[in-house]
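Student: This is the structure I want to talk about, given as structure tokens.
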Amino acid sequence: AKAAGKSQIAVFDYTLRAERLHHAEIAAGLRQALARDELTLNYQPVVDLTTGAIHAVEALLRWTPTDGRPVPPDVFIPVAEDTGLIVDIGRWALERACADAKRWHERHGIAVTVNVSGRQLRERTFRETVLEILTRHALPRNALTLEVTESMLLATSPAETQRIVDVLADLRAHGVRIALDDFGTGYSSLAYLRTLPVDILKIDRSFTAPLTGTDHHQARAFTKAIVELAASLELRTVVEGVESREQAGVLQQMGCPLAQGYLFSPPISSGEVDDLLQVTPWR
Ligand code: C2E
Ligand code: CA
Ligand code: CA
Ligand code: CA
501 AKAAGKSQIA VFDYTLRAER LHHAEIAAGL RQALARDELT LNYQPVVDLT
551 TGAIHAVEAL LRWTPTDGRP VPPDVFIPVA EDTGLIVDIG RWALERACAD
601 AKRWHERHGI AVTVNVSGRQ LRERTFRETV LEILTRHALP RNALTLEVTE
651 SMLLATSPAE TQRIVDVLAD LRAHGVRIAL DDFGTGYSSL AYLRTLPVDI
701 LKIDRSFTAP LTGTDHHQAR AFTKAIVELA ASLELRTVVE GVESREQAGV
751 LQQMGCPLAQ GYLFSPPISS GEVDDLLQVT PWR
């Protein structure tokens, strides 16, 4: 998984160099992006494997500069984090996602999940910002899930980590759900999970292809163990990157409740979500 990630970054680096679009240029462009209305959110369905119903949608940022081609999130989000622009961009994304989610939740009872970066979590006003946005849109708190990664919880001093955990626990006590994203790519032991204020585990997509690969016995045993342990801790599991029926079938059989991936849908516009909710395609 690590190696694949690296080679992907190398390809992006190469393309970027070819286009002479460097970190500073991305930062300069990104600084204008909000004012110029260049950012949008796409949404990817999270599907209930038992019923085929859409359980939630994950908001994913898209940036298309007015005078250029789309810049992938894996390229611009690290720059947004380095420059601190992620604080404003992240607040915009939360606001936009809650505005869109209002009608989806009212009509279909589905939740929206929003990715949050470490920079945002460390802002002293984060908790108030989240609660204020929910109140202003009259969105029930349990209609929002915040996705955090374990690396952002560990990348700082123990005192700061504790403060962030307290903020998440407080939001959770208010009804907001917390998902641990990219699970399996970091360092946390399963025992450590018990101490985190988390409702949902999202198993990284690097675990999905091996479920139907040559050495699938070990891969399945491993994923099944995570799903079962998560269930015993009263956590729900989402497996990411499900691209084939065979993978979905294997996951359903091992009792995995939720899945996300190109098999069901790529990330789509909010209008396309409205259409999809009319047809409930996987039921
Ligand atoms: P992520 O949170 O792990 O999001 C899942 C990524 O997997 C998305 O990439 C999605 O398009 C992709 N994906 C979904 N299904 C499949 C599949 O079946 N196969 C494959 N190969 N890929 C699949 P995307 O949209 O390019 O986003 C990349 C990353 O950028 C996200 O990874 C997340 O870490 C970050 N990101 C996106 N939006 C936001 C945001 O609003 N805030 C923050 N802080 N980060 C964001
Ligand atoms: Ca995510
Ligand atoms: Ca993920
Ligand atoms: Ca990720």
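Using the UniProt record's numbering, the first residue of the sequence shown is number 501, and each one after it goes up by one.
No residue lacks a Cβ here, since even glycine has one placed at the ideal position from N, Cα and C.
The structure presented is a predicted model; accordingly, all values stated were derived computationally and were not measured.
1) To the nearest angstrom, report how far apart PRO565 and VAL557 are at their CA atoms.
2) As a quick exercise: from TYR692, SER770 and ALA593, pick the residue whose alpha carbon is nearest that of LEU733.
3) Measuring CB to CB, does LEU621 end up less than 8 angstroms from GLU650?
4) For HIS522, count the other beta carbons within 10 Å of its own beta carbon; 16 or more makes it buried, fewer makes it exposed. Which is it?
5) Name the two residues that bound the continuous beta strand (DSSP E) containing VAL545.
6) Using CA coordinates, which residue listed in LEU631, VAL742, TRP592 and HIS674 is at the minimum distance from SER765?
7) Rounded C-beta distance between LEU549 and GLN752? I'm assuming under 8 angstroms.
8) Tell me whether THR780 is buried or exposed, calling it buried when 16 or more other Cβ atoms sit within 10 Å of its Cβ.
9) I need the boundaries of the beta strand (DSSP E) containing HIS522, first residue and last residue.
10) Please confirm whether THR613 and THR645 have their CB atoms less than 8 angstroms apart.
11) In chain order, which beta strand (DSSP E) runs of at least 3 residues are fully inside the segment 592-669?
12) When DSSP builds the beta bridges, which residues end up paired with LYS702?
13) Output yes or no for whether 8 angstroms exceeds the beta carbon distance between ILE554 and ILE610.
14) Excluding sequence positions up to five away, which residues of its chain have a Cβ less than 8 angstroms from the Cβ of VAL546?
15) Between GLY741 and ligand 1, is the CB less than 7 angstroms from at least one heavy atom?
16) In this structure, how does DSSP classify ALA759 when only helix, strand and coil are distinguished?
17) Can you tell me whether DSSP reads VAL676 as helix, strand or coil?
18) May I ask you to check if the CB of ASP699 is nearer than 7 angstroms to at least one heavy atom of ligand 3?
19) Just verifying my parser: in three-state terms, what is the DSSP assignment at GLY505?
20) With a cut-off of 8 angstroms, do at least 3 Cβ pairs link the segment 560-579 to the segment 524-534?
21) Whose CA, out of ALA659, GLU606, ARG627 and THR551, lies closest to the CA of ILE678?
22) Would you decide whether ALA533 is buried or exposed? Buried here means 16 or more other CB atoms lie within 10 Å of its CB.
23) With a threshold of 7 angstroms, establish whether the CB of ILE577 neighbours any heavy atom of ligand 1.
24) Determine, using beta carbons only, whether ARG745 comes closer than 8 angstroms to chain B.
25) Rounded to whole angstroms, how far is the Cβ of THR708 from the Cβ of GLN747, which I believe are closer than 8 angstroms?
26) What does a CB cutoff of less than 6 angstroms around ALA518 pick up in its chain, not counting 5 residues either side in sequence?
27) Measuring only the C-alpha atoms, how far is MET754 from VAL727?
28) Roughly how many whole angstroms lie between the Cα atoms of ALA643 and LYS602?
Tutor: The short version:
1) 25 angstroms
2) TYR692
3) no
4) exposed
5) Residue identity differs from the one stated: residue 545 is Pro in this sequence, not Val. Element bounds for PRO545: 539-548.
6) In this structure, VAL742 is the residue among LEU631, VAL742, TRP592 and HIS674 with its C-alpha nearest to the C-alpha of SER765.
7) 4 angstroms
8) exposed
9) Segment: none, HIS522 is in no beta strand (DSSP E) and carries neither H nor E.
10) yes
11) 611-615 and 644-649
12) VAL738
13) Yes, the Cβ-Cβ distance between ILE554 and ILE610 is below 8 angstroms.
14) ILE554, HIS555, ALA556, VAL557, GLU558, THR613, VAL738, LEU758, ALA759 and GLN760
15) yes
16) Three-state result, ALA759: strand.
17) coil
18) No, the beta carbon of ASP699 sits no closer than 7 angstroms to any heavy atom of ligand 3.
19) Reliability fails at GLY505, whose pLDDT of 48 lies under 50, so the model's placement of it is uncertain and no value is given.
20) yes
21) ARG627
22) buried
23) yes
24) The structure shown contains no chain B; it holds only a single protein chain.
25) 6 angstroms between Cβ atoms; contact.
26) Confidence is the limiting factor: at ALA518 the pLDDT is only 48, short of 50, which leaves the residue's position unreliable, though a coordinate-based value still follows. Excluding residues within five positions, none has a Cβ falling inside 6 angstroms.
27) 8 angstroms
28) Rounded to the nearest angstrom, the two C-alpha atoms are 9 angstroms apart.
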